[in-house]
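S.K.:
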Amino acid sequence: MAILVTGGAGYIGSVVVEDLRKNGEEVLVLDNLSYGHKQAVDKNVTFYEGNIGDEKLVSQILKQHEIQACMHFSAFAYVGESVENPKIYYENNVGQTLRLLNVLIENNIKKFVFSSTCATYGEPQKVPIDETHPQHPTNPYGWSKFMVERILESYDAAYGLKFVALRYFNACGATRKCGEDHDPETHLIPLVLFAAQGKLPFISIFGDDYPTLDGTAIRDYIHIADLSQAHLLALEHLRQNKNSEFINLGNGQGFSVKEVIETARKITGRNIEVKIAPRRLGDPSRLVADAKKARQVLGWKPRFPDLESIIESAWAWHLANPNGYD
Ligand SMILES: NC(=O)c1ccc[n+]([C@@H]2O[C@H](COP(=O)([O-])OP(=O)(O)OC[C@H]3O[C@@H](n4cnc5c(N)ncnc54)[C@H](O)[C@@H]3O)[C@@H](O)[C@H]2O)c1
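Going by my numbering, the letters in the sequence shown line up with residues 2 to 327, in that order.
#1: Rounded to the nearest angstrom, what separates SER286 and THR213 at their Cα positions?
#2: Which whole-angstrom value is the C-beta distance of GLY300 and LEU234, which I expect to be below 8 Å?
#3: GLY81: beta carbon under 7 Å from a heavy atom of ligand 1?
#4: Hey, could you find the ends of the alpha helix (DSSP H) TYR122 is sitting in?
#5: Buried or exposed: which applies to LYS39, given that a residue is buried once 16 or more other Cβ atoms fall within 10 Å of its Cβ?
#6: Indicate whether ASP284 and ILE130 have their beta-carbon atoms separated by less than 8 Å.
#7: Should HIS238 be labelled buried (16 or more other beta-carbon atoms within 10 Å of its own) or exposed?
#8: Between which two residues does the beta strand (DSSP E) harbouring MET72 extend?
#9: What does DSSP give as the partner residue(s) for ILE204 in the beta ladder?
#10: For the beta strand (DSSP E) holding ASN171, just list the boundary residues, first then last.
#11: Tell me, please, whether the region 101–110 touches the region 196–208 by the rule of three or more beta-carbon pairs shorter than 8 Å.
#12: Is DSSP giving GLY264 helix, strand or coil here?
#13: Return helix, strand or coil for HIS327, following the three-state DSSP convention.
#14: Is ASP20 near ligand 1, in the sense that its beta carbon is under 7 Å from a heavy atom of that ligand?
#15: Excluding sequence positions up to five away, which residues of its chain have a Cβ less than 6 Å from the Cβ of HIS224?
#16: Whose CA, out of LEU189, SER75, GLU56, GLN69, lies closest to the CA of GLN241?
#17: Judging by CA-CA distance, which residue of SER205, VAL46, VAL128, LYS88 is the nearest neighbour of ASN328?
#18: In the DSSP output, which residue or residues are listed as bridge partners for THR269?
#19: Cβ of ASN171 versus every heavy atom of ligand 1: is any distance shorter than 7 Å?
#20: Report yes if the C-beta of THR139 is less than 7 Å from at least one heavy atom of ligand 1; otherwise report no.
#21: Does ILE13 pass the burial test, meaning 16 or more other C-beta atoms within 10 Å, or should it be called exposed?
Written out as structure tokens, the structure reads:
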């Protein structure tokens with residue numbers, strides 16, 4: 002039986018597709034390529050170009066293949082854009098997900114792995130953040146993911162949908178084949194590496210007066226290979242007919258912006274210019290996951306928790322693919 006992967010041409014989805022196939026799974030990808038890259042998906046994987054909210058297309062896919070579970074990565078994920086244009090976030094991330102879920106339920110497909118986010122927590126009241134931390138997102142992107150989480154709970158209670166909603170912190174790094182190629186890029190590690198490659202003249206540090214050791218903000222960076230493995234374990238969890246769960250996926254360690262830049266300088270051997278800029282509105286000083294539940298419930302063990310491994314893998318990918326997937 003196959004696994005339907007939505008957003009499988011995106012950064013995280015493409016790595017999970019790679020790992021599922023290594024595990025001998027049959028995989029189908031549905032992606033509208035609004036942000037993804039067809040080249041990120043192996044030619045031997047059945048690929049459908051289209052919207053997850055296209056009920057006719059999804060029904061047709063489900064009729065043509067025997068599908069056991071859906072892994073749902075597709076979404077728009079730019080926080081700033083979601084504030085400026087919330088309607089496209091609610092339509093794409095909530096409306097289309099709802100239509101996808103309805104077709105899945107009608108076809109009796111009741112195993113679902115969902116890409117949620119630490120943005121559902123909003124301003125941290127305590128750090129590290131565990132899954133019981135209150136959820137009050139500070140932007141429409143976070144709310145769109147929060148809403149899907151609530152829909153999943155209701156669908157579990159009413160229709161027996163079993164899900165694992167994985168609340169990612171900052172996904173980063175690369176495998177040999179797949180790496181991060183967002184356009185526009187907003188994530189710190191690829192931007193720092195762009196500066197190392199000379200694609201950016203400098204990297205801005207937004208605030209160096211936070212109450213942290215070096216004054217810069219601390220975030221939780223999780224290697225994409227470790228993140229991906231957790232999805233395979235989540236699938237196994239669902240196959241064992243266990244309960245639905247909300248689970249943080251983070252490293253459990255925080256690294257400051259300055260630590261990221263210093264490590265990138267060491268690994269690339271290149272000069273990376275920095276400029277100090279004012280703090281960004283709503284940027285907390287520390288966002289770090291309590292990732293114990295992933296270990297306890299899924300048996301997850303991160304293999305690359307150190308910043309060096311993460312940046313080394315990303316740098317190797319950027320050197321091998323200087324123009325990303327183009
Ligand atoms: N990257 C991170 O650090 C991070 C952190 C927290 C949560 N997430 C979540 O993880 C998921 C994957 O993130 P990513 O970084 O790989 O993003 P991405 O933009 O690289 O991948 C998303 C993919 O979904 C596709 N897509 C979007 N809307 C679609 C639709 N309506 N129908 C079909 N395909 C559609 C895009 O073309 C793209 O290939 C997203 O849901 C995101 O919100 C990511």
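Glycine included, each C-beta is placed from N, C-alpha and C at the ideal position.
M.R.: So, from the listed chains and residues:
#1: Those two C-alpha atoms are separated by around 7 Å.
#2: 6 Å
#3: no
#4: Per DSSP, TYR122 belongs to no alpha helix (DSSP H) and is neither H nor E.
#5: Counting other Cβ atoms within 10 Å of its Cβ, LYS39 stays below 16 and is therefore classed as exposed.
#6: no
#7: With 16 or more other Cβ atoms within 10 Å, it is buried.
#8: 68–73
#9: VAL275
#10: 171–173
#11: Verdict: no, contact absent.
#12: Reading off the sequence, residue 264 comes out as Thr, not Gly. Note: THR264 maps to helix in three-state DSSP.
#13: Per the sequence presented here, residue 327 reads as Asp, with His not at that position. Here ASP327 sits in coil by DSSP.
#14: no
#15: GLY174, PHE305, ILE311
#16: GLN69
#17: Beyond the ends of the chain as shown, which are 2 and 327, falls residue 328; an answer cannot be given.
#18: Bridge partners of THR269: none, in fact.
#19: yes
#20: no
#21: buried
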